[in-house]
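Trainee: The numbering used here numbers the first residue of the sequence shown as 11 and each following residue consecutively.
If you scroll down you'll find the structure; I have some questions about it.
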Amino acid sequence: MEIYESIYKKHLVDKKIIGFGASSRIKMFTETLPPDSNKTYVPTDMQSEMMLSDYDLRILPKYVDLYVDTTDLFVELENGRRFLVKGLSHSAVKEKILYSLADKKLVLYDSKKITRTVAGLYIPVEIIKESYYHVCDVIARKYKLKQRIRLNGPNPYVNSMGHFVLMVEYSEKFIKECEKIVGVVEHGVFEIDENTILEGI
């Protein structure tokens, strides 16, 4: 597709080590990548590793020049605060590892997935399965926040790391403190900094 070819020429052509997420749009992107023996691609999980392997692209999980991924939601508030919400379908902790290691982050977003309010916003919180009741109890008693477990049909959704995903009502205080709760692995708020490039698709 022309838009992905344009993004490749604009952001990827001069990079040597590139990380990829595992969304359906990233799959479409990898299908347009030209063969280049001088590039190394780093996947966030088995799905993206298989996608990259299918196209004979070299894989080596190390430091990356550029991390390319999509976002579940782009939050842009009136007070100037901006952040991404990720981790609905893939492990937030694995994505955050690459996100933090990357020199630059390229985030592809859908204009339909922009919100300018936190009213009604729920954040994915990745938790160890065995901690479910404990984490839910702490969120209810200490933070008084609404919550629900993400489902896959009638059963709890289990991500690629074997973790449950709780959808928790947005609270700045909770986001800052939640990783202190025993059993919480990671939350799905990804900060936007000067090294983050946003591209609408």
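Cβ coordinates follow ideal geometry from the N, Cα and C atoms, glycine included.
(1) Who pairs with Leu94 in a beta bridge, going by DSSP?
(2) Per DSSP, what kind of secondary structure is Tyr73 in: helix, strand or coil?
(3) Residues in the same chain with beta-carbon distance under 8 Å from Phe174, minus the five sequence neighbours each way, listed in chain order, please.
(4) In the structure shown, what three-state DSSP assignment does Glu136 receive?
(5) Buried or exposed: Ala112, going by 16 or more other Cβ atoms within 10 Å of its Cβ?
(6) Do you know offhand how far Glu41's Cα is from Val199's?
(7) Suppose the cutoff is 8 Å on Cβ atoms and the five residues either side in sequence are ignored; what does the same chain contact list for Val74 look like?
(8) Around the C-beta of Leu87, are 16 or more other C-beta atoms found within 10 angstroms, so that it is buried, or is it exposed?
(9) Mind checking Asp147: buried by the 16 CB within 10 Å criterion, or exposed?
(10) Roughly how many whole angstroms lie between the Cα atoms of Val103 and Leu176?
(11) Indicate whether Ile185 and Ile133 have their beta-carbon atoms separated by less than 8 Å.
Mentor: Reading it off the structure:
(1) Phe84 and Phe200
(2) coil
(3) Glu136, Ile137, Ile138, Lys139, Tyr142, Ile159, Arg160, Pro166, Tyr167 and Val168
(4) strand
(5) Ala112 is buried by the Cβ-count criterion.
(6) Val199 has its alpha-carbon roughly 28 Å from the corresponding atom of Glu41.
(7) Ile27, Ile28, Gly29, Val52, Leu108, Leu111, Ala112 and Asp113
(8) exposed
(9) exposed
(10) C-alpha separation (whole angstroms): 14 Å.
(11) yes
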